[in-house]
Amino acid sequence: MSIENRDHIEEHHTNIWSYVFVLLALFTLTAFTVLTAIKVDIGSLNIVLAMIIASVKASIVALFFMHLKFEDKLTWLYALYPLFLLFLLIFFTLMETFTRVPVLK
Amino acid sequence: MANGIAADSTYESYLAKKGFTAWALTTDHKRIGIMYLITISFFFLLAGVTALLMRYELLTPELDFFSTTTQYNVAFTLHGSLMVFFFIVPGIAASLGNFLIPLMIGARDVAFPRLNLLSYWVYLVGTVILMTALAQPADTGWTFYTPYSVETGTNVILITLGVFVLGFSSILTGMNFIVTVHKLRAPGMTWNRLPLFIWASYATAILQLLATPVVGITLLLLIMEKSLDIGFFDPAKGGDPILFQNFFWFYSHPAVYIMVIPAFGIISEIIPVFARKPIFGYRAIAYSSFAIAIISFFVWLHHMFVSGISETAAAIFSFLTMLVAIPTAIKVFNWLATLYKGSIEFHSSMLYALSFIFLFTIGGLTGVFLGALAVDVHLHDTYFVVAHMHYVMIGGTVMGFFGALHFWYPKWFGKTFNELTAKASWFLVFVGFNVTFFPQFFMGYQGMPRRYATYPEQFQSAHVLSTYGSWILGLGIFIMTVNLIAGIFSRKVPEGNPYKSLSLEWQMPSPPPHNNFEDIPIVTDWTYAYGKK
C-alpha cells in the first residue's frame, strides 16, 4: 500500500459524522432486537431473526469502527476467510447430524 | 547475499543488559524468544517426567506404582495437556519464530513488539492457572471429551480455563507474525527469496489466528455447561456430545499442523546447509505449507469415525483426509532430492533433520492407515494411534525442535556445545524413541487399548520393551539438556557463521546486536544459492 493511499484512509478515519451515524444505527438495531424479542413471535425463526440483526450490527462495527471498509484486499481476505471456515464448520456438522441413521427406533 | 549488515566487533549484544526487569519487560523479540524457549523447555521436561511415570506403571499388567487408576488417568491427562498446550503448540512457533523471523527477513523487530511481550505474559498466566489446577488435576485426557468432562468431579474448569487463556497468546502471536512478514521484509526480500522457515511460520500463523478461537469458544461452552448447567452437550438438556467433538477437532486437527509445520521449516533450513546444495523444489515446499494449512480444516471428522457419526460423513472425510498426504509427501520428496548427490556433513542438527525425515515418514504413512475408514474402526483408540501420534509429534516436531536447538545455538548465545556429546545424545534419543514407540504399533494392531493402567499379560513383553526404550530416550534427552546448558558456560566461541550458511541471520555477529541491523540490509540473492559461482 502506498503512502498516498494511507493518507487517503486517514481522511476517512477522521470523519466524525460517519462514527456518529454508525453509533445511532447500532442503538436503533439494539432497540429493534429488544422490540422483536418482546413483540414478535415467529417460533423457531425467532433465533434466526435475532442472529440476522446481530450480524448486521457486527458488520457495521467491522466496516466502520474497525475500518475494514477502507482496507486493502488482503485484509478483506483475512476478514472473510474465517466466515468461510464458520460455514465449513456449520455445514459439515449439520451434514453429519442429518445423515445419521438411528440405531434404535 | 545482502548489503548493509553491521560487522562491528564492539557492538552491544542483545544479551548484554542484565537484571529481572531487563528481561521481564523487554520488547526485544530475541529476548522474548529465549523466554519462550526456557518456559516451554521446562514444561517439556515436566511432561516428559509424567510420561516416564506412566511407562513405569506399565512395566507390569497390574496396578502397582499408582495407588488408583484415577491417578494414572491424571498422569496421562497432565502429560497430554502439558505437551500439547504448553510445549508443542506454542513451542517452535513462539520461541524460534520470535527469535528468527525478524532476523531472517531483515527487520529490527516484530511488527508489534509490546503485543509480543503481552503474548508471552498471557501465555505465562495460562501456565500459572494450569499449575494451580494441579492441586486437583483433571482425569479426562487432553481432549476433555463430554459427557465425562462434565460429570467428573476433578478440576476440569481450571485446566480448560488455562488452555482458554493460552489461546489468546497463540492468536496474538499469529497475528503479529503475519503482519511482520507482510510489512517488515527488507528491500529485496521478495516472497520468492523468503527462507522456507518464514513460509512455514507464516502458514502456522494463519492457523493460529483462525483456528484457535474455535477451541477457545468450545472450552468456554464446556465451562458454562459445567458451572451454569447449560445443556450445550448434554442430550438430556437438548445438547449433543458429538457437537463437542466436532468443535474440538475443528481446531485440534489444524493444531497438529500448528505443531509440525514450523518443524518442516526448520528441516528446510538445515538440509541445504549441510548438503551444500540449493533446496530442491523451493516453491513446491513453500506452497505445500499453505496447502496443508488449508486442507487441514477439511479433515477433522476422521478423529470421530467410531463416535457414532453418520457413515456418509465418515466416508467423505476419509477421502478428504487422504488429500493431506499429498502436500506432505511433496515436502519429503523435495528434501530427499536436495540430499541427492549433496556433500553431506553429519552435524548433530543434521542428524536430527535426517531422523525427522525417517520418523515423520513413518508417522505420516501410519496416518494414512488411520485415515482409511475401515482400518480406523479396528485401530481406533489403540496403541497404534499412540505410536502414530508420537511418531508425528516427537519423531516430527520434537526432532525438528532438537535440530533447531543445535543448529541456531551459536546464533542465540555466541557459544557452542560439545559436538561429540551432542551426537551421542542424538543416538540415544533416536534409539530410545524407536524402542519406545515402534512396539506400540504391534500392540495396537493386536488390540491393546490406550489409556489403561492395567492390561492382559500377553502385552507385557511389548510394554516392558517400550518402558526400557523410554528410559533410553529419557537418558538421551537428559544428556542433551546438560550438554546444551554446559555450552552456555563454556569458553568455546564459535565462528560468526560456523556452517557458512547464506541465510540472513548468519551474516550478522553472534549473539546478534540489540537492534539486529545497524542499517536495514538490501537482499540481493536467494537464501539457498549454495554451489553457485
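Chains as they are written, first to last, in the working numbering: chain C, 57 to 161; chain Z, 28 to 560. Cβ atoms here follow ideal geometry from the backbone N, Cα and C, with glycine treated the same way. In this text the structure is predicted, and so the values were computed from the model without any measurement.
Going by beta-carbon coordinates alone, are residue 207 (chain Z) and residue 134 (chain Z) separated by less than 8 Å?
Cβ distance < 8 Å, so residue 207 (chain Z) and residue 134 (chain Z) count as in contact.
Tell me, please, whether the CB atom of residue 152 (chain C) is closer than 8 Å to any CB atom in chain Z?
yes
Give a yes or no on contact between the region 227 to 236 of chain Z and the region 320 to 333 of chain Z, applying the rule of three or more CB pairs nearer than 8 Å.
yes
Can at least three beta-carbon pairs, one atom from the region 261 to 275 of chain Z and one from the region 511 to 531 of chain Z, be found at a separation below 8 Å?
no
What are the start and end residues of the alpha helix (DSSP H) that includes residue 141 (chain Z)?
140 to 160
So residue 17 (chain Z) is in the alpha helix (DSSP H); what residue range does that whole segment cover?
There is simply no residue 17 (chain Z) to check, as chain Z begins at 28 and stops at 560 in what is shown.
Looking at C-alpha atoms only, which residue of Z:407, Z:441, Z:491 is the closest neighbour of residue 40 (chain Z)?
Z:441
Under the three-state reduction of DSSP, which class applies to residue 409 (chain Z): helix, strand or coil?
For residue 409 (chain Z), the three-state secondary structure derived from DSSP is strand.
In terms of residues, what are the limits of the alpha helix (DSSP H) holding residue 131 (chain Z)?
Per DSSP, residue 131 (chain Z) belongs to the alpha helix (DSSP H) from 124 to 132.
Grab me the residues of residue 60 (chain C)'s own chain with a C-beta within less than 7 Å of its C-beta, minus the 5 sequence neighbours each way, in chain order.
With a pLDDT of only 41 at residue 60 (chain C), under 50, the local geometry of the prediction cannot be trusted, and the value read off the model is given with reservation. No residues qualify anywhere along the chain.
Under the criterion of a Cβ to heavy atom distance below 7 Å, does residue 118 (chain C) qualify as lining the ligand FAD?
In terms of ligand content, the structure shown is empty, and the ligand FAD therefore cannot be addressed.
Check the C-beta distance from residue 90 (chain Z) over to residue 96 (chain Z) and give it rounded, since I have them as a contact under 8 Å.
6 Å
Taking DSSP as the reference, what is the three-state secondary structure of residue 228 (chain Z)?
helix
Using a beta-carbon distance cut-off of less than 9 Å, what residues from the region 220 to 246 of chain Z approach chain C?
Those residues of the region 220 to 246 of chain Z that come within reach of chain C (Cβ to Cβ, closer than 9 Å) are 233, 236, 237, 238, 240, 241.
Which residues, in chain order, does the region 323 to 346 of chain Z contribute to contact with chain C at a C-beta distance below 9 Å?
324, 325, 327, 328, 331, 335, 336, 337, 338, 339, 340, 341, 343, 344
Is it right to say residue 379 (chain Z) is buried, meaning 16 or more other beta carbons lie within 10 angstroms of its own, or is it exposed?
Classification of residue 379 (chain Z): buried, given that the 10 Å Cβ count is 16 or more.
At 7 Å on the CB atoms, spell out the chain C contacts of residue 277 (chain Z), in chain order.
145
Rounding to the nearest angstrom, what Cα-Cα distance links residue 560 (chain Z) and residue 400 (chain Z) in this structure?
Unreliable placement is indicated for residue 560 (chain Z), whose pLDDT of 47 sits below 50; the coordinate value is still reported in the next sentence. Rounded to the nearest angstrom, the two C-alpha atoms are 52 Å apart.
Nearest chain Z C-beta to residue 137 (chain C) closer than 8 Å, yes or no?
yes
Answer yes or no: does any C-beta atom of chain Z fall closer than 8 Å to that of residue 89 (chain C)?
no
Strictly below 8 Å CB to CB, what residues from chain Z border residue 101 (chain C)?
Simply none; closest approach about 18 Å.
Ignore the nearest five residues each way along the sequence and tell me which others in residue 140 (chain Z)'s own chain have a CB closer than 6 Å to its CB.
54
Going along chain Z, which residues have a C-beta under 8 Å from residue 157 (chain C)?
337, 338
Range of the contiguous alpha helix (DSSP H) that encloses residue 439 (chain Z)
DSSP places residue 439 (chain Z) in the uninterrupted alpha helix (DSSP H) bounded by 426 to 440.
Which class does residue 476 (chain Z) belong to by DSSP, given the choice of helix, strand or coil?
strand
Alpha helix (DSSP H) segment containing residue 420 (chain Z), residue limits
Taken as a continuous stretch (DSSP letters only), residue 420 (chain Z) belongs to no alpha helix (DSSP H), as it is neither H nor E.
Candidates Z:499, Z:187, Z:42, Z:489, of which the one nearest residue 458 (chain Z) by Cα
Z:499
Is the Cβ-Cβ distance between residue 133 (chain C) and residue 125 (chain C) less than 8 Å?
Contact: no.
Taking 8 Å as the threshold (beta carbon to beta carbon), is residue 59 (chain C) in contact with chain Z?
Bear in mind that a pLDDT of 37 at residue 59 (chain C), under 50, signals an unreliable position, so the number given afterwards is only what the model happens to contain. Taking Cβ atoms only, chain Z never reaches closer than 8 Å to residue 59 (chain C), which makes this a no.
For the putative contact between residue 182 (chain Z) and residue 163 (chain Z), defined by C-beta atoms under 8 Å, what is the C-beta separation to the nearest angstrom?
At roughly 4 Å, the Cβ-Cβ gap stays under 8 Å, so residue 182 (chain Z) and residue 163 (chain Z) are in contact.
Out of curiosity, what's the CA-to-CA distance linking residue 178 (chain Z) and residue 263 (chain Z)?
13 Å
Under DSSP, the alpha helix (DSSP H) around residue 283 (chain Z) begins and ends at which residues?
268 to 302
Does the Cβ of residue 83 (chain C) have 16 or more other Cβ atoms within 10 Å, making it buried, or fewer, making it exposed?
Under a 10 Å Cβ-count criterion, residue 83 (chain C) is classified as exposed, with fewer than 16 other Cβ atoms of the shown protein chains found around its own Cβ.
Chain Z contact for residue 149 (chain C) (CB, 8 Å cutoff)
yes
N-terminal and C-terminal residue of the alpha helix (DSSP H) that residue 310 (chain Z) is part of:
309 to 322
Can you find a C-beta in chain C that's less than 8 Å from the C-beta of residue 273 (chain Z)?
yes
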